[in-house]
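Below: one structure, written as structure tokens.
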Amino acid sequence: MDTKPYTNKSKIKVPRFEESAGFYTTPQHSKTMAKNRGKNSGPELKLRKALWAKRIRFRIHPKGFPGKPDLVINKYRLAIFVDGDFWHGYQWEEKKQAFKKNVDFWIPKIERNMQRDQEINELLIAKGYTVMRFWEHQIKEKLALCVNQITLFIEAAKMGVLPTLDD
């Protein structure tokens, strides 16, 4: 769970991805990238199914929430995000060196996503929510640990260690 305070840097400007701006991609790569989903991704569905099996009930992509978390458990004021490794900058300092094409687009794009994630965390925390963010590879490789972390949070809230809406 990331609780690092957001530094008030100016908003990162991401250029439009257009040939006129000097960016180019092959039709095949464009087709592949278009298949990436913002909602109901494989890892997100896997986590939802595992939580549902544990009888943990939640809302998905609720409107009116900053960032539209993937899952929200209102009773325990918990917002859960499943972040794609590529789109949200997993091991970013290492990965950004690997970009060969369209560097002037991709680096600001990913860094703006990371900046927005931090802004959303702060907004949700200010509303009294706990924010949990899981990387897609964590869900794929260690689903039980992710579910356990959520379960432990809920159990602590039930025992009164954490504030709930009833307080």
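Residues are numbered in my numbering as their position in the sequence shown, beginning at 1, plus a constant of 4. C-beta: ideal position from N, C-alpha, C; glycine also. Note that this is a predicted model, so its numbers are computed, not measured.
Close Cβ partners of residue i (< 6 Å) along its chain, the five nearest in sequence each way excluded
i	result
V135	A83, N125 and L128
G71	I124
Beta-bridge partners of residue i, as assigned by DSSP
i	result
A83	V76 and V135
P64	It is Ile, not Pro, that sits at residue 64 in the sequence shown. For I64, which the question treats as bridged, DSSP gives the partners L75.
Beta-carbon spacing of residue i, residue j below 7 Å
i	j	result
W56	Y94	no
V76	R61	no
E48	V86	yes
W96	F103	no
Contacting residues, own chain, Cβ-Cβ under 7 Å from residue i (five flanking each side not counted)
i	result
Y10	Summary for Y10: the model assigns pLDDT 45, below 50, so the residue's position carries little reliability; its value from the coordinates is reported in the next sentence. Same-chain partners within the cutoff: Q122, E123 and E126.
Spatial distance of residue i from residue j (CA atoms)
i	j	result
H141	G164	32 Å
A148	K162	21 Å
K113	F69	22 Å
G46	K15	30 Å
I143	D89	11 Å
V151	K17	36 Å
R120	G132	19 Å
E159	H92	29 Å
D74	E115	20 Å
Q153	A130	22 Å
Sequence-distant residues of the same chain with beta carbon closer than 8 Å to residue i, five excluded per side
i	result
D171	Caution applies to D171, whose pLDDT of 45 falls short of 50 and renders its modelled position unreliable; the value that the coordinates give is listed next. Hits under 8 Å: none found.
F157	Y80, L82, T134, M136 and L166
N117	W91, H92 and G93
Nearest-angstrom Cβ-Cβ length linking residue i and residue j, presumed shorter than 8 Å
i	j	result
T155	K58	6 Å
K99	H65	That pair is no contact at about 27 Å.
Heavy atom of the ligand SAM within 6 Å of residue i beta-carbon
i	result
Q95	This structure simply doesn't include the ligand SAM, nor any ligand for that matter.
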